[in-house]
Amino acid sequence: MQKINSDDAEIFYDIVGTGPSVVLLHPTPADHEFFLPVSQFLSSKYRLIMPDLRGHGESSLGNGPAIMQKHALDVARVMDHAGVDRAPLLGVSIGGRVIFEFWRRFRDRVTALVLCNTEARADSPEASANRLRNAEDVLKRGTEPFFESMLPKLIGETTRRTRPDLVEGALRMARRMSPEDVAGVQRGMAERPDSVSTLKTINVPTVIITGDEDVLTGVPDAELMKQNIAGSEMKVVTKAGHFSP
Numbered sequence: 217m218q219k220i221n222s223d224d225a226e227i228f229y230d231i232v233g234t235g236p237s238v239v240l241l242h243p244t245p246a247d248h249e250f251f252l253p254v255s256q257f258l259s260s261k262y263r264l265i266m267p268d269l270r271g272h273g274e275s276s277l278g279n280g281p282a283i284m285q286k287h288a289l290d291v292a293r294v295m296d297h298a299g300v301d302r303a304p305l306l307g308v309s310i311g312g313r314v315i316f317e318f319w320r321r322f323r324d325r326v327t328a329l330v331l332c333n334t335e336a337r338a339d340s341p342e343a344s345a346n347r348l349r350n351a352e353d354v355l356k357r358g359t360e361p362f363f364e365s366m367l368p369k370l371i372g373e374t375t376r377r378t379r380p381d382l383v384e385g386a387l388r389m390a391r392r393m394s395p396e397d398v399a400g401v402q403r404g405m406a407e408r409p410d411s412v413s414t415l416k417t418i419n420v421p422t423v424i425i426t427g428d429e430d431v432l433t434g435v436p437d438a439e440l441m442k443q444n445i446a447g448s449e450m451k452v453v454t455k456a457g458h459f460s461p
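Each number in this note's numbering comes from the position in the sequence shown (counting from 1) with 216 added on.
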């Protein structure tokens, strides 16, 4: 793992493979390990740059909520440190939401996008309030109840039934986050701006991926993005939930 300082946080990232660079942004609660199975298939063709987003894995949270603007700046600085001027970006869940902010700030550095299991809309008032309640709850009760409640939403029903190893892997990544990390990330997510209007400005090749068992950001969210990003393609992974990669 390599380390950079990005304002108030230490950001760690890993590089695997050789070839053209691709930046992979993981979901929450997870870290760069999320992409290690996929990297076995891609590392012979691509140089995969896999950060731990702030508040995840080895990366520190910094001060205050982990808002999208901070994440986007972190990604730009990781690219600088890794010697990457322009690259395709792939983001899952929060990783996709970070991409929208990155696009608004650094679109000249983006050559293509893969948006997995994510959504462009901001939280509804109810969803935002729920994130803030979750943040308070993990600080009072610890992270385990939160992680256990999230698992059925993150891992598809088929995978939970047939691949207990993937379920355990998801929990292992999640448990690297402290209560403060989870709270800071949830508060940052609650503050994220609406990105639906941003979709129409995306003019690079874009693939949108979701899972047919994703109960958080499923086919309707993917279709909204496809309708608004000119020339984009959409793929649905069968028997997959929110962690479809």
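Idealized CB from N, CA, C, for every residue including glycine. What you are looking at is a predicted structure, and each value in this text was computed from that prediction instead of being measured.
Going by beta carbon distance, what residues of the same chain come within less than 6 Å of residue 373, once the five residues before and after it are set aside?
-> To locate residue 373, count along the sequence shown from 1; it is residue 157. Counting only Cβ-Cβ distances below 6 Å, and skipping sequence neighbours, we find 429.
Counting Cβ pairs closer than 8 Å, one from the segment 399 to 415 and one from the segment 279 to 289, do we hit at least three?
-> yes
As assigned by DSSP and simplified to three states, the class of residue 221 | By one-based count along the sequence shown, residue 221 stands at place 5. Looking at residue 221 - three-state DSSP - the assignment turns out to be strand.
Opposite residue 230 in the DSSP bridges: which residues?
-> Within the sequence shown, numbered from 1, the residue matching residue 230 stands at position 14. Per DSSP, 266.
Three-state class that DSSP yields for residue 258 in the structure shown | The count along the sequence shown starts at 1 and reaches residue 258 at position 42. Three-state DSSP puts residue 258 in a helix.
Output the boundary residues of the alpha helix (DSSP H) element that contains residue 361.
-> Sequence index remark: in the sequence shown, residue 361 carries index 145 (1-based). Unbroken alpha helix (DSSP H) run through residue 361: 360 to 370.
When DSSP labels each residue in this structure, what does residue 315 get in the three-state scheme?
-> Numbered from its first residue, the sequence shown carries residue 315 at position 99. Helix, per DSSP.
Cβ pair residue 225, residue 309 closer than 7 Å | As a first step, residue 225 is located in the sequence shown; it is residue number 9 there, counting from the start. As a first step, residue 309 is located in the sequence shown; it is residue number 93 there, counting from the start. No. Outside cutoff.
Excluding the 5 residues preceding and the 5 following residue 263 in the sequence, name in chain order all residues of the same chain whose CB lies nearer than 6 Å to its CB.
-> Start at 1 with the first residue of the sequence shown, and residue 263 comes out as number 47. Cβ within range, chain order: 233, 234, 235 and 237.
Between which two residues does the beta strand (DSSP E) carrying residue 452 extend?
-> Here residue 452 corresponds to residue number 236 of the sequence shown, with the count starting at 1. Per DSSP, residue 452 belongs to the beta strand (DSSP E) from 449 to 453.
Per DSSP, what kind of secondary structure is residue 432 in: helix, strand or coil?
-> The residue labelled residue 432 in the question sits at position 216 within the sequence shown. Three-state result, residue 432: coil.
Under a Cβ-count criterion, where at least 16 other Cβ atoms within 10 Å of its own Cβ denotes burial, should residue 364 be classed as buried or exposed?
-> Position 148 of the sequence shown holds residue 364. By the 10 Å Cβ count, residue 364 comes out exposed.
Closest by CA to residue 306, which one among 273, 223 and 254?
-> On the sequence shown, position 90 is the one that residue 306 refers to. The shortest Cα separation from residue 306 among 273, 223 and 254 belongs to 254.
With DSSP collapsed to three states, give me the class of residue 303.
-> In the sequence shown, residue 303 corresponds to position 87, counting from 1. Strand.
Please report how far the alpha carbon of residue 228 lies from the alpha carbon of residue 240, in whole angstroms.
-> Here residue 228 refers to the residue found at position 12 of the sequence shown. Here residue 240 refers to the residue found at position 24 of the sequence shown. Straight-line Cα distance between these residues: approximately 13 Å.
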